[in-house]
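Residue numbers (my numbering): 15 to 180.
Working notes, beginning with the structure itself.
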């Protein structure tokens, strides 16, 4: 038996294909799917167990990179990220936002403030890379540089977050 996790990884597009096959063909065997996609039977069993999470993550994911994603991406700090996202939504509703849009710097500073409330985030750093991934996870388009304002993407959640009504 080989090392755990040493086999081929499925990307999210392949995971969704497998879930669709399982939904269409009730009698499909795990071993047949495993052979067809070049993964272990255990990988197929695990996929069945977390199918709802996979579907939700896929549909909520950024369309530009969700099909290529190979690793899970389960949010460890979901409460923190939800709180920060809600803060962004509240900020866009204020009069001040109408005069001066949110910047990457402002969001990163607020992230540092919120992170102090969570014991598991003692070593958190709101780096530009973290910010870019946060924006991707929440369908926000990051600005080109740290003093730019957040700009609308094609997603409805971004429009809701920053008040783009066009």
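We put the beta carbon where it would ideally sit given N, CA and C, even for glycine.
- Taking a 10 Å sphere around the C-beta of residue 66, we find fewer than 16 other C-beta atoms and assign the residue as exposed.
- Only exposed fits residue 110, as fewer than 16 other CB atoms lie within 10 angstroms of its CB.
- The DSSP-derived three-state label of residue 40 is coil.
- The criterion of a C-beta distance shorter than 9 Å is not satisfied by residue 42 and residue 55.
- About 33 Å separates the Cβ atoms of residue 57 and residue 98, ruling out a contact at the 8 Å cut-off.
- In the structure shown, residue 56 adopts helical secondary structure according to DSSP, grouped into three states.
- Residue range 92 to 107 is occupied by the alpha helix (DSSP H) that includes residue 99.
- About 16 Å separates the beta carbon of residue 64 from that of residue 51, a gap too long to meet the 8 Å contact definition.
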